[in-house]
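Peer 1: Its first residue numbered 2, the sequence shown is counted upward by one per residue in this note's numbering. The beta-carbon is built from N, C-alpha and C at its ideal position, and this holds for glycine as well. Before anything else, here's the structure in question.
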Amino acid sequence: MAANFQGRTGNHSFMSGRTTKSGTSTTNVPTGYKSCSGTFANKIQSFKTLFNQTKGTAKHARPTPTTLNSFANWINKGAVVQTCTSAQVARWAKNTNKNFNTRSATPTACKTVLCAKFGKSTIKAVCKSKTGSFLVATAPVMKGRTFNFPK
């Protein structure tokens, strides 16, 4: 489900007419509705990601209800929730000359690296997920293109 895919890469072009990993198909969407259909698909997938934080077993501490509500507010404002691992952030930290310790990785340190790499206007909020990776609320587009974390 949503908590298992890292960085929203792959078949996530909601406007392409393909079936996405969330099972949402845009094949039969009339042209006039494609823009809002894509927005709804983004919101559905982001809410599923948040919902998955509330159920099942957790290897690490879950995000608090307050944090999840904050992320829900970001989604309502148009943000997309994506995930990334400490290893990904550490790799990006090397490229941006930022310090990032994977053993004691904090959401604040992660946000510092992500903002340096992708820009402050792209990264909205960061928290730890129940699996130990990071949940990141991002802008849906960056520089006019759909934004997904690179692998």
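Would you say the region 133–152 touches the region 78–97, given that touching needs at least three Cβ pairs under 8 Å?
Peer 2: Result yes; three or more Cβ-Cβ pairs closer than 8 Å.
Peer 1: Which same chain residues end up closer than 8 Å to N100 when comparing Cβ atoms and leaving out the 5 residues on each side of it in sequence?
Peer 2: To locate residue 100, count along the sequence shown from 1; it is residue 99. Result list for N100: A94, A110, in chain order.
Peer 1: If you drop the 5 nearest sequence neighbours on each side, which residues of the same chain put their C-beta closer than 7 Å to that of G79?
Peer 2: Within the sequence shown, the letter at position 78 stands for residue 79. Around G79: P141.
Peer 1: Is the Cβ-Cβ distance between K118 and T97 less than 7 Å?
Peer 2: Position 117 of the sequence shown, counting from 1, holds the residue named residue 118. Position 96 of the sequence shown, counting from 1, holds the residue named residue 97. Result yes, Cβ atoms of K118 and T97 sit closer than 7 Å.
Peer 1: Once you ignore the five residues that flank A59 on each side, which residues in its own chain have a CB closer than 7 Å to its CB?
Peer 2: The count along the sequence shown starts at 1 and reaches residue 59 at position 58. Within the same chain, A59 has close Cβ partners K131.
Peer 1: Tell me the DSSP secondary structure of F150 in three-state form.
Peer 2: Here residue 150 refers to the residue found at position 149 when the sequence shown is read from its first residue. F150: coil per DSSP, three-state reduction.
Peer 1: So the alpha helix (DSSP H) T84 belongs to, where does it begin and stop?
Peer 2: In the sequence shown, counting from the first residue as 1, residue 84 sits at position 83. That residue, T84, is in no alpha helix (DSSP H); its beta strand (DSSP E) goes 81–85.
Peer 1: According to the Cβ coordinates, are K125 and P108 closer than 7 Å?
Peer 2: Here residue 125 refers to the residue found at position 124 of the sequence shown. Here residue 108 refers to the residue found at position 107 of the sequence shown. No, they are not a contact pair.
Peer 1: For G193, count neighbouring C-beta atoms within 10 Å of its own C-beta (all shown protein chains included) and say buried if the count is 16 or more, exposed if not.
Peer 2: For residue 193 there is no data in the structure shown, the boundaries of the chain being 2 and 152.
Peer 1: On the criterion of 16 or more Cβ atoms from any shown chain inside 10 Å, does N43 qualify as buried, or is it exposed?
Peer 2: The count along the sequence shown starts at 1 and reaches residue 43 at position 42. It is buried - the Cβ of N43 has at least 16 other Cβ atoms within 10 Å.
Peer 1: Helix or strand or just coil, what does DSSP make of K125?
Peer 2: Translated into the one-based positions of the sequence shown, residue 125 becomes position 124. Strand at K125.
Peer 1: Return yes when the Cβ of V127 is within less than 7 Å of the Cβ of K144, no when it is not.
Peer 2: Numbered from 1 along the sequence shown, position 143 holds the residue referred to as residue 144. Numbered from 1 along the sequence shown, position 126 holds the residue referred to as residue 127. Taking 7 Å as the Cβ cut-off, K144 and V127 do not qualify as a contacting pair.
Peer 1: According to DSSP, which residues form a beta bridge with T58?
Peer 2: By one-based count along the sequence shown, residue 58 stands at place 57. None; T58 has no bridge partner.
Peer 1: Sorted by chain position, which residues of the same chain lie with C-beta nearer than 6 Å to T68's C-beta, five sequence neighbours on each side aside?
Peer 2: Residue mapping note: residue 68 aligns to position 67 of the sequence shown, counting from 1. C128.
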